[in-house]
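One structure is given below, encoded as structure tokens.
Shown next, in the form of structure tokens:
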């Protein structure tokens, strides 16, 4: 089992794919922390000298934040066979790829309303300015991600999450259960679609035969890695 974590290097203005190939000495816990450091909400992670190099480059002192700053759904990295991509992700050993998309446009059936308990101090995540900046970033990124998602929709299982916040850590048990139930139902529907006869609407688990012409997966994969 191999793990890759996506982060954003704001010092060098580029995406990082952290794994055993690119940063073998970087602790997994800090790679995880980097990949979830939402700007303006949590402090960025400063790359330590003891974590070694990234693709042979010294990263000491670089500021690293959430990979979602550059791409929220980089499934193209698992699909592209270009040398520049496999040098980071490793050799492709299977065409079977499944992406779980947390879809904030699909409603969670019967989800109770979120209740915001009054807390002392300022909750940065609830500030309108931060929310507007977050939506602006999401809008900028969505067009690029959407191109690949739409092109390879048969590889994407959409998990309903409308109305649920990224930083909703005070979620009630009932609200959490409805989210889990919605995800389970979405997966059941996805796999049922895979079982449909070929004569029906074609849905396959692989990427299928390569079509002539430029592939948006390759184009976008190269763009986000540069």
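In the working numbering, the protein residues as written are 220 to 445. All residues carry an ideal CB built from backbone N, CA and C; glycine is no exception.
- Ranked by how close their Cα comes to the Cα of residue 369, the residues 327, 243, 389 and 320 have 320 in first place.
- Straight across, the Cα-Cα distance linking residue 223 with residue 234 is about 12 Å.
- Judged by pairs of C-beta atoms under 8 Å, the stretch 248-260 touches the stretch 272-288, as three or more such pairs exist.
- Residue 272 has its alpha-carbon roughly 13 Å from the corresponding atom of residue 250.
- Here the alpha carbon of residue 406 sits roughly 15 Å from the alpha carbon of residue 415.
- In the three-state DSSP reduction, residue 389 falls in the coil class, being neither helix nor strand.
- In the assembly as shown, residue 228 is a buried residue. Its beta-carbon has 16 or more other beta-carbons within 10 Å.
- Under the three-state reduction of DSSP, residue 292 is assigned to coil, being neither helix nor strand.
- Using a Cβ-Cβ distance cut-off of 8 Å, the stretch 317-333 and the stretch 392-408 are in contact, since at least three pairs of beta carbons, one from each stretch, lie closer than that value.
- Contact between residue 305 and residue 314 is ruled out by a C-beta separation of about 14 Å, above the 8 Å threshold.
- As DSSP reads the structure, residue 321 sits in a beta bridge with 378.
- C-alpha of residue 438 to C-alpha of residue 374: approximately 18 Å in a straight line.
- Look at residue 438 here: in three-state DSSP terms it is helix.
- With 16 or more neighbouring CB atoms inside 10 Å of its own CB, residue 297 falls in the buried class.
- Put simply, the backbone Cα of residue 302 is about 17 Å away from that of residue 237.
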